Amino acid sequence: MTLLLQQLFNALALGGVYALVALGLTLVYGVMRVPNFAHGGLYMLGAYFTYAVLNGLGVGYVPALLLAAVAVALLAALLERVVFYPLRNAPHVHSMIAAIGVLFFLEAAVQLIWGPDFKQITEPVPGILNAGGVIITWQRLIVILASLLVMLGLNYFLKRTLTGATIEAMSQNREGARLVGINVNRVGMLTFAISGALAAAAAALIAPIISVAPSMGEVMNLKVFAIIILGGMGSVPGAIVGAFLLAFAEVFGGFYINLDFADVIGFAALVIVLAIRPEGLFRRGT
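Quick note: the sequence shown uses the UniProt record's numbering, first residue 1, plus one each step.
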């Protein structure tokens, strides 16, 4: 039971990170119908910006996280204007190729600035918490609480504010939203900015636990696309459920079967679910 609870906390922390990244990608797809393959690059930049702010400005961990989130949000909004907006009427494959190009460009830029070597961010609260024999690091506890807080804040924003309502209106009917006076261009930029901030926050939370590397965005890309397909393309609840399902499959599968096959087990679970329910666990907009 102690080992089970130990893995449960690990899965919750990993699932929280997956959920934040997947939520940003889901919002962009739901509003813009753009499969943003550059999303993993924004996640990777969030980790590197956090590393740069911590080491360059000497500020605390929380200010570094917030500054990284703001910087990546602004960059994501700029990408929407410069890259995706001009392709709004082009075939979807054009925006997909452009997004992949942006991902490779961001990776090359990071290697040029910080080099290809792994970077390490020191845990802001070192040490462990022993709760009845269940050992969890303070950083994982921070990840769980912070990701939950961000998800609750995002839910409040989408359900209780006028700006959030315009995002949901566009996700349901873009042309109808435009006809009732919603500035679809501004909402599109805002959606990209939110997705960038979520990805950067997730990267800053997990960075003290893992090593920061230029290729970390590619791995996350595969996982979050699997998550939103599993949960249902464009479904916010589906992104959250899919994120935790994948995290639980990876953590418990890796622990009870073989750690080397953790990723394989997670994607095998995805294939099984989609074989039974091809549209995903949730329909879009549910």
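Even for Gly, the Cβ is constructed at its ideal location relative to N, Cα and C. As the structure is a prediction and not an experimental result, all values here were calculated from the model.
Within 9 Å, strictly: CB atoms of residue i and residue j
| i | j | result |
| --- | --- | --- |
| Phe192 | Val28 | yes |
| Ala243 | Val72 | no |
| Leu190 | Ala77 | yes |
| Leu12 | Ile228 | no |
| Ala226 | Leu270 | yes |
| Val236 | Leu158 | yes |
| Gly181 | Met170 | no |
| Pro124 | Gly60 | yes |
| Phe105 | Ser95 | no |
| Ala207 | Ile136 | no |
| Ala204 | Ala69 | yes |
| Leu14 | Ala247 | yes |
| Lys119 | Val212 | yes |
| Gly46 | Ala146 | no |
| Phe261 | Gln7 | no |
| Gly30 | Gly234 | yes |
| Leu245 | Val273 | yes |
Between the CA atoms of residue j and residue i - distance to the nearest angstrom
| i | j | result |
| --- | --- | --- |
| Tyr43 | Val53 | 16 Å |
| Glu218 | Ala38 | 9 Å |
| Val134 | Gly58 | 34 Å |
| Glu279 | Leu230 | 8 Å |
| Gly56 | Ala64 | 10 Å |
| Leu129 | Thr50 | 25 Å |
| Pro35 | Leu25 | 8 Å |
| Leu148 | Leu222 | 23 Å |
| Thr286 | Leu23 | Note on Thr286: pLDDT 40, under 50, position unreliable in the model; the coordinate value appears next. Distance between the alpha carbons of Thr286 and Leu23: 14 Å. |
| Gly115 | Gly40 | 18 Å |
| Gly176 | Val184 | 10 Å |
| Ala131 | Arg140 | 14 Å |
| Ala239 | Phe267 | 15 Å |
| Gly196 | Arg277 | 30 Å |
| Asn178 | Arg186 | In the sequence as displayed, the identity of residue 178 is Arg instead of Asn. Going by the C-alpha atoms only, they are around 11 Å apart. |
| Ile210 | Val17 | 12 Å |
| Ile142 | Met216 | 21 Å |
| Ala109 | Leu103 | 10 Å |
| Met32 | Glu80 | 10 Å |
| Leu162 | Leu5 | 41 Å |
| Leu75 | Val150 | 20 Å |
| Glu107 | Tyr48 | 11 Å |
| Ala90 | Gln172 | 21 Å |
| Pro86 | Ile194 | 20 Å |
| Leu198 | Met220 | 13 Å |
| Ile265 | Leu259 | 10 Å |
| Ala99 | Arg160 | 32 Å |
Residue i (DSSP reduced to helix, strand or coil)
| i | result |
| --- | --- |
| Val212 | strand |
| Gly285 | Here the model assigns Gly285 a pLDDT of 45, short of 50, so the residue's position is not dependable and the matter cannot be decided. |
Buried versus exposed, by CB contacts within 10 Å (16 or more), residue i
| i | result |
| --- | --- |
| Ile257 | exposed |
| Asn10 | buried |
| Ile167 | buried |
| Ala19 | buried |
| Ile97 | exposed |
| Pro214 | buried |
| Ala275 | exposed |
| Leu3 | exposed |
| Leu112 | exposed |
| Gly101 | exposed |
| Val82 | exposed |
C-beta neighbour in chain B for residue i, strict 9 Å
| i | result |
| --- | --- |
| Leu12 | Any reference to chain B falls outside this structure, which holds one protein chain only. |
ask   = In chain order, which alpha helix (DSSP H) runs of at least 4 residues are fully inside the segment 125–186?
value = 138–160, 162–172, 174–179
message = Give the list of continuous alpha helix (DSSP H) stretches no shorter than 4 residues that lie fully inside the segment 216–253.
response = 216–231
request  = Run through the segment 2–89 for me and flag every whole beta strand (DSSP E) of 3 or more residues, listed as ranges in chain order.
outcome  = none
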